[in-house]
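Presented below is the structure to which this report refers.
Protein chains: 2
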Amino acid sequence: MASPSRARRGAAARVPPERALTAWLAGFFPRDPARVPIGIGDDAAVVRCASRELVLACDPVVEGVHFDARTPRALVARKVINRNVSDLAAMGARPEFLLVSIVFRRGTTPRAQRQLFAGLRAAAGAGGAQVVGGDVAVADGPLVVTVTALGRLTGRALRRSGARVGDTLHVTGPLGGSRLGRHLRFEPRVAAGEALARLPGVRAAIDVSDGLLVDLWTLLRASDVPGAVLDAAAIPIAASARRLARRDGRTALEHALGDGEDHELLVAASPRLRWPGLACLRAARRPIGRLVAEPGLWLETADGRQRVEPKGWQHVP
Amino acid sequence: MASPSRARRGAAARVPPERALTAWLAGFFPRDPARVPIGIGDDAAVVRCASRELVLACDPVVEGVHFDARTPRALVARKVINRNVSDLAAMGARPEFLLVSIVFRRGTTPRAQRQLFAGLRAAAGAGGAQVVGGDVAVADGPLVVTVTALGRLTGRALRRSGARVGDTLHVTGPLGGSRLGRHLRFEPRVAAGEALARLPGVRAAIDVSDGLLVDLWTLLRASDVPGAVLDAAAIPIAASARRLARRDGRTALEHALGDGEDHELLVAASPRLRWPGLACLRAARRPIGRLVAEPGLWLETADGRQRVEPKGWQHVP
Numbered sequence: 018m019a020s021p022s023r024a025r026r027g028a029a030a031r032v033p034p035e036r037a038l039t040a041w042l043a044g045f046f047p048r049d050p051a052r053v054p055i056g057i058g059d060d061a062a063v064v065r066c067a068s069r070e071l072v073l074a075c076d077p078v079v080e081g082v083h084f085d086a087r088t089p090r091a092l093v094a095r096k097v098i099n100r101n102v103s104d105l106a107a108m109g110a111r112p113e114f115l116l117v118s119i120v121f122r123r124g125t126t127p128r129a130q131r132q133l134f135a136g137l138r139a140a141a142g143a144g145g146a147q148v149v150g151g152d153v154a155v156a157d158g159p160l161v162v163t164v165t166a167l168g169r170l171t172g173r174a175l176r177r178s179g180a181r182v183g184d185t186l187h188v189t190g191p192l193g194g195s196r197l198g199r200h201l202r203f204e205p206r207v208a209a210g211e212a213l214a215r216l217p218g219v220r221a222a223i224d225v226s227d228g229l230l231v232d233l234w235t236l237l238r239a240s241d242v243p244g245a246v247l248d249a250a251a252i253p254i255a256a257s258a259r260r261l262a263r264r265d266g267r268t269a270l271e272h273a274l275g276d277g278e279d280h281e282l283l284v285a286a287s288p289r290l291r292w293p294g295l296a297c298l299r300a301a302r303r304p305i306g307r308l309v310a311e312p313g314l315w316l317e318t319a320d321g322r323q324r325v326e327p328k329g330w331q332h333v334p
Numbered sequence: 018m019a020s021p022s023r024a025r026r027g028a029a030a031r032v033p034p035e036r037a038l039t040a041w042l043a044g045f046f047p048r049d050p051a052r053v054p055i056g057i058g059d060d061a062a063v064v065r066c067a068s069r070e071l072v073l074a075c076d077p078v079v080e081g082v083h084f085d086a087r088t089p090r091a092l093v094a095r096k097v098i099n100r101n102v103s104d105l106a107a108m109g110a111r112p113e114f115l116l117v118s119i120v121f122r123r124g125t126t127p128r129a130q131r132q133l134f135a136g137l138r139a140a141a142g143a144g145g146a147q148v149v150g151g152d153v154a155v156a157d158g159p160l161v162v163t164v165t166a167l168g169r170l171t172g173r174a175l176r177r178s179g180a181r182v183g184d185t186l187h188v189t190g191p192l193g194g195s196r197l198g199r200h201l202r203f204e205p206r207v208a209a210g211e212a213l214a215r216l217p218g219v220r221a222a223i224d225v226s227d228g229l230l231v232d233l234w235t236l237l238r239a240s241d242v243p244g245a246v247l248d249a250a251a252i253p254i255a256a257s258a259r260r261l262a263r264r265d266g267r268t269a270l271e272h273a274l275g276d277g278e279d280h281e282l283l284v285a286a287s288p289r290l291r292w293p294g295l296a297c298l299r300a301a302r303r304p305i306g307r308l309v310a311e312p313g314l315w316l317e318t319a320d321g322r323q324r325v326e327p328k329g330w331q332h333v334p
């Protein structure tokens, strides 16, 4: 919003409309002047952080990839902010500031633009973060919204590496619900991430964005651990994964293992970890599996143990 | 690069290719572990800033808007980084960290992707900044590259507001060269911005991105100053603006006044400012005009004074 850009085809109006938009946006997004001395409307923003150590994430959402043309723009806004906030949560960080770059499809109505802005404001507020700048452009192509999130650590940084053979595996909530809308409406696990980052026995964490098996495989590789055994009966399955299973012939467990964008945290912890009584960690207390020296991913069911591959499936349009 | 995304049409390969890309990018972009304890390859990056006060800019470039399909990808990369670095420079800030989000057009060759990455690495290095994270996606649409730049102040923050009637106007270099390629190859005025931010008589600054007249008008409105008189003979004109003028029938001065993306700094300063002998400020010493109480923009030539409108022209494909 600092310096909006667009194709300049022909002479501009006396007051270029993007200057008016910038002024409108500067009033639309709330600003705490103690933390944001200079916000939307100058060449760049100036912010005051809680510490010199910052956690940074930057992810886009694209029409046709992460949402479809009919998705309400307020939900598009919510998804792109929460995707980034979830990345911070997986590090144990709390969001503070957001920058938003929007490339609108040419011909987008002012009403649709305002719906997106309103969704950004609501999702930023829900996450306790301030939108401090960005840019608005127009192009002949799909809507692209890119968010950069800046956060701070209140404990240590939770990495993907650091897990060890013998660790137990945990998730912060049910999996498999993304295809029936949760990919737009998930709640980033900020409080759980902060709590986990303060527990000494927590060794590694990752945001479940590509699917439990794929993200578990990523955590193993980052940690240099050969394998993991998942306990099928212990994996929490979203109610909507069961509904979806009745329709599409896959099992609910398959959705829980393979569908991405649940945005729960997958955590490896020392088997000696004592879990405190924090409500935000209740879902994470029961292990869903453990890390092993045997290479590969294994699934234990009532029928025995079978090898599984780290696969994800498409879960967005 | 923390969590690459794309449409997942069909089952993924055993090692999803984006994980391999992330690992490659983590090695490709240099990282100073003292300032970037966690870089590309985790859920988010962790950086250590020089101070708690940060300057933030976030601008995209879009194929068909800011560059065309034939523009070498290394120059696209250079433009998007330098656009953001120039926004920092206009605040008096020095870049430290960059995040890059890329939406490749489906079917982009690995070679074209590598050219873009190489351009990002070169431009980041030239600016003294580190690429610490981001994302890579693929879509059916134009190439979109969005950069977030984080910088630090070494003096005060230079705002667009703060100019007063009686101030002199200055630019850090020649204008009007963008259409003949300078919009891809400009040098952001980081050293000049830092030097200006330490001079007590400098009152306001803005990056010339939309054209001298439009950006001057923006500075006036931000500063609540009614008008400005420009001295046509004092405005430094790029050699390429003269070449362009011989071709297209406009005057070189028109290009200097109206074409955007020169990315020089436009500065308002006290008429009592003593300019030091810094080489980076040599171009800025001679005033190109002054701020007046009379409303509007005025151009003084040998033929007298005429009113001009704050207009920009299209300067990119």
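Quick mapping for you: the protein sequence lines, in order, are chains L and U.
Anchor point for the first sequence: position 113 equals 130 in our numbering, and the numbering is continuous, going up by one each time.
Anchor point for the second sequence: position 172 equals 189 in our numbering, and the numbering is continuous, going up by one each time.
Beta carbons are placed, not taken as given, at the ideal position from N, Cα and C, and that holds for glycine.
ask   = Is A209/L closer than 8 Å to L298/L when the C-beta atoms are compared?
value = The residue you call residue 298/L lines up with position 281 of the first sequence. The residue you call residue 209/L lines up with position 192 of the first sequence. Contact flag set, yes.
key: Within-8 Å CB hit, P243/L to chain U   = Taking the first residue of the first sequence as 1, we reach residue 243/L at position 226. No, P243/L lies away from the interface with chain U (no Cβ there is under 8 Å from its Cβ).
task = Let me know the alpha helix (DSSP H) ranges lying completely inside the stretch 31 to 104 of chain U, each 4 residues or longer, listed in chain order.
result = Every unbroken stretch of the alpha helix (DSSP H) spanning 4 or more residues and falling wholly within the stretch 31 to 104 of chain U is given here in chain order: 34 to 45.
query = For R202/U, is the classification buried or exposed, using 16 other Cβ atoms within 10 angstroms of its Cβ as the cut-off for buried?
reply = Stepping through the second sequence from its first residue, residue 202/U is reached at position 185. Exposed.
message = Need the endpoints of the beta strand (DSSP E) that V162/L sits in, please.
response = Sequence index remark: in the first sequence, residue 162/L carries index 145 (1-based). Per DSSP, V162/L is one residue of the beta strand (DSSP E) stretching across 161 to 170.
message = Looking at the secondary structure, which residues open and close the alpha helix (DSSP H) in which R238/L lies?
response = On the first sequence, residue 238/L is found 221 positions in, with the first residue counted as 1. Segment 229 to 240, the alpha helix (DSSP H) holding R238/L.
query = Using the beta-carbon of each residue, which ones in chain U are nearer than 7 Å to G151/L?
reply = Counting from 1 along the first sequence, the entry for residue 151/L is found at position 134. Neighbours of G151/L on chain U, chain order: C75.
inquiry  = What ranges does the alpha helix (DSSP H) occupy inside the stretch 96 to 150 of chain L, keeping only unbroken runs of at least 4 residues that lie completely in it?
reply    = Fully enclosed alpha helix (DSSP H) runs of 4 or longer: 127 to 143.
message = Judging by CA-CA distance, which residue of V117/L, R52/L, H280/L is the nearest neighbour of T189/L?
response = Here residue 189/L corresponds to residue number 172 of the first sequence, with the count starting at 1. Ranked by Cα distance from T189/L, the first of V117/L, R52/L, H280/L is H280/L.
query = Counting contacts by CB-CB distance shorter than 8 Å, is T318/U in contact with chain L?
reply = Position 301 of the second sequence, counted from the first residue, corresponds to residue 318/U. No, because no Cβ of chain L sits closer than 8 Å to the Cβ of T318/U.
ask   = Do A154/U and V79/L have their C-beta atoms closer together than 8 Å?
value = Sequence index remark: in the second sequence, residue 154/U carries index 137 (1-based). Sequence index remark: in the first sequence, residue 79/L carries index 62 (1-based). Taking 8 Å as the cut-off, the Cβ atoms of A154/U and V79/L count as close.
task = Using a Cβ-Cβ cut-off of 8 Å, state whether D85/U counts as contacting chain L.
result = Reading the second sequence from its first residue, position 68 is the one you call residue 85/U. Against chain L, the CB of D85/U has no partner CB under 8 Å away; the residue lies outside that interface.
ask   = Exposed or buried, S103/U, counting other C-beta atoms within 10 Å across all chains shown (16 or more means buried)?
value = Position 86 of the second sequence, counted from the first residue, corresponds to residue 103/U. Looking at its Cβ environment, which holds 16 or more other Cβ atoms inside 10 Å, S103/U is buried.
ask   = Looking only at C-alpha atoms, which of L233/L, L247/L, D227/L, P127/L sits nearest to P34/L?
value = Residue numbering aside, residue 34/L sits at position 17 when the first sequence is read from its first letter. Among L233/L, L247/L, D227/L, P127/L, the Cα nearest to that of P34/L belongs to P127/L.
ask   = For the alpha helix (DSSP H) that contains L213/L, what are its first and last residues?
value = What you label residue 213/L is simply residue 196 of the first sequence in a count that begins at 1. L213/L -> alpha helix (DSSP H) spans 207 to 214.
task = Identify, in the order they occur along the chain, each residue of the same chain with its Cβ nearer than 6 Å to the Cβ of R25/U, setting aside the five sequence neighbours on each side.
result = To locate residue 25/U, count along the second sequence from 1; it is residue 8. Residue placement at R25/U is poorly supported in this model, since its pLDDT is 37, which falls under 50; the coordinates still yield a value, given next. In its own chain, leaving out the 5 sequence neighbours on each side, no residue places its CB closer than 6 Å to the CB of R25/U.
ask   = On the three-state DSSP scale, how would you describe A285/L?
value = Taking the first residue of the first sequence as 1, we reach residue 285/L at position 268. Three-state result, A285/L: strand.
ask   = Does the beta carbon of P349/L come closer than 8 Å to any beta carbon on chain U?
value = There is simply no residue 349/L to check, as chain L begins at 18 and stops at 334 in what is shown.
ask   = What is the C-beta distance between G300/L and R220/L, in whole angstroms, given that I count them as a contact (C-beta under 8 Å)?
value = Counting from one through the first sequence, the residue named residue 300/L turns up at place 283. Counting from one through the first sequence, the residue named residue 220/L turns up at place 203. The residue asked about is misnamed: residue 300/L is Ala in this sequence, not Gly. Going by Cβ atoms, the distance from A300/L to R220/L rounds to 18 Å, so no, they are not a contact pair.
ask   = In the DSSP assignment, what are the bridge partners of G277/U?
value = For the purposes of this step, residue 277/U is identified with residue 260 of the second sequence, where counting begins at 1. Paired residues: none, contrary to the question.
request  = Can you tell me which of the three DSSP states L247/U falls into?
outcome  = In the second sequence, the residue the question calls residue 247/U occupies position 230. Of the three classes helix, strand and coil, the one that applies to L247/U here is strand, per DSSP.
query = Got a sec: which bits of the stretch 56 to 73 of chain U sit with their beta carbon under 9 Å from any beta carbon on chain L, in order along the chain?
reply = Within the stretch 56 to 73 of chain U, the residues whose Cβ lies closer than 9 Å to some Cβ of chain L are G58, D59, D60, A61, A62, V63, V64, R65, C66, A67, S68, R69, E70, L71, V72, L73, listed in chain order.
task = State yes or no: is the C-beta of C66/L nearer than 7 Å to some heavy atom of the ligand MG?
result = This structure does not include the ligand MG; it has no bound ligands of any sort.
inquiry  = Counting C-beta neighbours from all protein chains within 10 Å, is the total for Q323/L 16 or more, i.e. buried, or is it exposed?
reply    = Position 306 of the first sequence, counted from the first residue, corresponds to residue 323/L. Flag for Q323/L reads exposed.
task = Could you run through the stretch 220 to 235 of chain U and flag, in chain order, every residue whose CB is less than 9 Å away from some CB of chain L?
result = So the list reads A222, I223, D224, S226, D227, G228, V231, W234, T235, given in the order they occur along the chain.
message = DSSP three-state label for R25/L, please.
response = Residue numbering aside, residue 25/L sits at position 8 when the first sequence is read from its first letter. Here the model assigns R25/L a pLDDT of 38, short of 50, so the residue's position is not dependable, and the following value carries that caveat. In the structure shown, R25/L sits in coil (DSSP, three-state: anything other than H, G, I, E or B).
query = Between V246/L and V182/L, what straight-line distance do the alpha-carbon atoms span, to the nearest angstrom?
reply = Translated into the one-based positions of the first sequence, residue 246/L becomes position 229. Translated into the one-based positions of the first sequence, residue 182/L becomes position 165. Computed Cα separation, rounded: 11 Å.
ask   = Since L314/U is in the beta strand (DSSP E), which residue starts that stretch and which ends it?
value = On the second sequence, position 297 is the one that residue 314/U refers to. Here the beta strand (DSSP E) through L314/U covers 313 to 318.
ask   = Quick one: does V120/U have its CB under 8 Å from some CB of chain L?
value = By 1-based counting over the second sequence, the position of residue 120/U is 103. It does: the Cβ of V120/U has a partner Cβ on chain L nearer than 8 Å.
query = At least one CB of chain L closer than 8 Å to the CB of A174/U: is that the case?
reply = As a position in the second sequence, residue 174/U is number 157, starting the count at 1. Under the Cβ distance rule, A174/U counts among the residues neighbouring chain L, one pair being separated by less than 8 Å.
ask   = Could you give the residue range of the beta strand (DSSP E) that holds A222/U?
value = In the second sequence, the residue the question calls residue 222/U occupies position 205. Bounds of the beta strand (DSSP E) holding A222/U are 219 to 224.
query = Who are the neighbours of P159/L on chain A, taking C-beta pairs under 8 Å?
reply = Here chain A cannot be found, since the structure's protein chains are L and U.
request  = Within the same chain, show all residues whose beta-carbon is closer than 6 Å to that of E326/U, passing over the 5 residues directly before and after it, in chain order.
outcome  = The residue labelled residue 326/U in the question sits at position 309 within the second sequence. Same-chain partners within the cutoff: there are none.
message = Let's test the definition: count the other Cβ atoms within 10 Å of the Cβ of T39/U and tell me whether it reaches 16, buried, or not, exposed.
response = As a position in the second sequence, residue 39/U is number 22, starting the count at 1. Looking at its Cβ environment, which holds 16 or more other Cβ atoms inside 10 Å, T39/U is buried.
task = Along the alpha helix (DSSP H) that carries L201/L, what are the first and last residues, could you check?
result = Within the first sequence, the letter at position 184 stands for residue 201/L. Bounds of the alpha helix (DSSP H) holding L201/L are 199 to 202.
query = V79/U versus chain L: which residues are under 7 Å apart at the beta carbon?
reply = Indexing the second sequence from 1 puts residue 79/U at position 62. Listed along chain L are V120, A154, A156, each with a C-beta nearer than 7 Å to that of V79/U.
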